[in-house]
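The structure appears below as structure tokens.
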Amino acid sequence: MPHFEIKLLEGKTEEQKQQLAEKVISAAQEVIGYGDESYSVTIEDFTGADWKTIVYPNDILGRKDILYKAPGYEM
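Heads up: the sequence shown begins at 33 in the working numbering, then just goes up one per residue.
Below you can see the structure in the form of structure tokens.
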């Protein structure tokens, strides 16, 4: 079943995170199907410093083999 892991810079509200999760699921349902009960979403906050030292090098640059949309920035 589809599970989405979302990593964000800290500062988004719980309401924004809930809306994001709902929109991601809605978009996925349009493309790949499955019912609402099939999806799960986690959202993890990171500081700017952690983004630069953990997320960007490990989860973005380090996973280019499964990266479907590269960022338009470099660190």
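Idealized CB from N, CA, C, for every residue including glycine.
Check: Reduced DSSP secondary structure (H/G/I, E/B, other) of Lys39; Outcome: strand
Check: Beta-carbon proximity of Phe78 to Glu106, cut-off 8 Å; Outcome: no
Check: Beta-carbon proximity list for Tyr71, same chain, < 6 Å, skipping 5 on both sides; Outcome: Pro34 and Ile57
Check: Beta-carbon contacts of Gly67 that lie in its chain and below 6 Å, excluding the five residues immediately before and after; Outcome: none
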